[in-house]
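Taking it in order: structure first as structure tokens, then the write-up.
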Amino acid sequence: MDDQSRMLQTLAGVNLAGHSVQGGMALPPPPHGHEGADGDGRKQDIGDILHQIMTITDQSLDEAQAKKHALNCHRMKPALFSVLCEIKEKTGLSIRGAQEEDPPDPQLMRLDNMLLAEGVSGPEKGGGSAAAAAAAAASGGSSDNSIEHSDYRAKLTQIRQIYHTELEKYEQACNEFTTHVMNLLREQSRTRPISPKEIERMVGIIHRKFSSIQMQLKQSTCEAVMILRSRFLDARRKRRNFSKQATEILNEYFYSHLSNPYPSEEAKEELAKKCSITVSQSLVKVPKGKGNRGSALQQTSVSNWFGNKRIRYKKNIGKFQEEANLYAAKTAVTAAHAVAAAVQNNQTNSPTTPNSGSSGSFNLPNSGDMFMNMQSLNGDSYQGSQVGANVQSQVDTLRHVINQTGGYSDGLGGNSLYSPHNLNANGGWQDATTPSSVTSPTEGPGSVHSDTSN
DNA sequence: AGGTATGATTGGTA
DNA sequence: TACCAATCATACCT
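For this note's numbering, count along the first sequence from 1 and bump the result up by 97.
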């Protein structure tokens, strides 16, 4: 048995009735009911020490200092001190109980996740931010939107910097304060029982206090990012009309594929490229799991455009007549050339040879318009021959011209030249592989007109 | 300022 | 999942 244990046993046997030790706790009963041979002498020693401790506050500062020094040098001091520490630790543990090890704050976790997702916290470059990724995708282009994105990135970086600076400040302050308190406690531990666990607990309390400040910082950073996001990236707020050129390209495609205005994925991508539709025009859209996120988003814009166009065209065909005629006339010459070339090609070469396309318009694979019976166009013997997809797009346009020259004018100022003969009775587009015949006067736009007046 | 045009979003459907 | 229809929100025009 070592010296300290013996001391403990001895000390525990001392009658401390009437004295409180550090918060009114009495010493526990002796673990063993025997005393050493020199028990009386030690009792006397400890009694002295305790008496001095209890009366130290009644004395003057000088006296107290002197006594303190004497106590520190007392041969029983280490043993008594360790016992007091042990008692204090025991009481401390019973008081703390359940409040130890509180679970991670879900709100803090949310904030952390959000900051990580927005690219504010986490690695310096290429943060997981959807917005940042989209912005990065857009930076490749030379459109005016890249300016916006660089502005957005600059602001995000600013927020990031402020966040990290503040975080660093807090951490530094926390560390400084912790060190200060620890030093203070260590200093005090010479005169009063402060266990390492207690110091640890104090550090924990300090950290908790500082983490609540950190949470506030995180919260306000999140708010700042949200505001920035909504200001810069909300597509509805920042809606921009497509450029005139882009609208023309889309309209050209639409009216030249009026029999089936549903561009394939490839066609959409091609159109997006041709139109230089910027990513910011649909930044808030959820990615569709494509490799090239920017491209998918651009296609979404194209899809939106076609969706809107189809439905608005269908709703008010009369309104779009003029536009349709315009695009029909615009591409008529090209279409005529294309068809002529196709016919010639077909007559001189193998009947199955598709036109390789000097059409000038869209030459997109699998655009939905596969084949067409040419007899319905000009009534000649060009039956059974199949024209390539690009030719089909011209054929639709050419049909307009034929209609125009055919003169189905019904006295409505030429507005009924281009009728949506591929629209179903219920409003849907017919299958492109079974195009209806050239507009007949009986199924002119008038009937649809009354149907879809808005 | 008010009306219209237009790109995007949302909810429902096949 | 693509599409439709309705709707929203902003841009643009008068």
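Each residue gets a CB set at the ideal place from its N, CA and C atoms; glycine is no exception.
task: Note the first and the last residue of the continuous alpha helix (DSSP H) segment covering Tyr350.
output: Lys341 to Ser353
Span separating the alpha-carbon of Ser226 from that of Met323: Since pLDDT at Ser226 reaches only 45, below the 50 mark, its modelled position is unreliable, and no value is offered.
query: Do Leu205 and Met312 have their C-beta atoms within less than 8 Å of each other?
result: yes
- request: With distances taken Cα to Cα, identify the nearest neighbour of His171 among Gly144, Ile184 and Asp159.
  value: Gly144
field: Buried/exposed call for Leu367, threshold 16 Cβ in 10 Å
entry: Reading the sequence as shown, one finds Glu at residue 367 and not Leu. Buried, since its Cβ has 16 or more Cβ neighbours within 10 Å.
field: Tyr350 and Pro360 closer than 8 Å at C-beta
entry: yes
query: If we ignore side chains and look at the alpha-carbon of each, how far apart do Leu281 and His148 end up?
result: 27 Å
query: With a Cβ-Cβ cutoff of 8 Å, do Ala364 and Gln395 count as a contact?
result: no
- prompt: Hey, would you say Lys315 sits closer than 8 Å to Leu208, going by beta carbons?
  reply: yes
message: So the candidates are Ala421, Lys164, Pro201 and Ser179; which of them puts its Cα closest to the Cα of Asp347?
response: Contrary to the premise, residue 347 reads as Leu rather than Asp in this sequence. Nearest option by C-alpha distance: Ala421.
message: For a quick check, are the C-beta atoms of Ile216 and Leu253 less than 8 Å apart?
response: It is worth fixing the name first, because residue 216 is Gly in this sequence and not Ile. Contact: yes.
message: Tell me which residue opens and which closes the alpha helix (DSSP H) that Glu362 is part of.
response: Glu362 to Cys372
Reduced DSSP secondary structure (H/G/I, E/B, other) of Tyr410: helix
task: Quick one: residues in its chain with C-beta nearer than 7 Å to the C-beta of Ile374, no 5 flanking neighbours on either side, listed in chain order?
output: Phe339, Ala343, Gln395, Ser398 and Val399
field: Residue from Asp142, Ala433 and Ala161 with nearest C-alpha to Leu177
entry: Asp142
query: In whole angstroms, what separates the C-alpha of Lys306 from that of Lys174?
result: 36 Å
With 16 other Cβ atoms within 10 Å as the buried cut-off, status of Thr262: exposed
message: Can you tell me where the alpha helix (DSSP H) holding Met211 begins and where it ends?
response: Pro203 to Ala214
message: For Gln269, tell me which candidate among Pro290, Lys294, Ile303 and Ile296 has the shortest Cα-Cα distance.
response: Ile303
- request: Go ahead and label Ala163 buried or exposed: buried means 16 or more other beta carbons lie within 10 angstroms of its beta carbon, across all protein chains shown.
  value: exposed
message: So, at 7 Å on beta carbons, what are the nonlocal neighbours of Ile291 in its own chain, with the 5 sequence-adjacent residues on each side left out?
response: Leu282 and Gln285
message: Taking its Cβ as the centre, do 16 or more other Cβ atoms sit within 10 Å of Pro358, making it buried, or is it exposed?
response: buried
message: Taking the straight line between their C-alpha atoms, what separation do you get for Val180 and Asp202?
response: 37 Å
- prompt: Under a Cβ-count criterion, where at least 16 other Cβ atoms within 10 Å of its own Cβ denotes burial, should Ala167 be classed as buried or exposed?
  reply: exposed
message: Tell me the rounded alpha-carbon separation between Pro293 and His277.
response: 15 Å
field: Own chain partners of Cys372 with C-beta closer than 6 Å, once the 5 adjacent residues on each side are dropped
entry: Ala343 and Ile346
task: Using only alpha-carbon positions, find the residue among Ala251, Asp159, Ala429 and Leu355 that is nearest to Phe403.
output: Leu355
task: Could you tell me if Ala258 is buried or exposed, where buried requires 16 or more neighbouring beta carbons within 10 angstroms of its beta carbon?
output: According to the sequence provided, residue 258 is Gln. The question's Ala does not apply to it. Looking at its Cβ environment, which holds fewer than 16 other Cβ atoms inside 10 Å, Gln258 is exposed.
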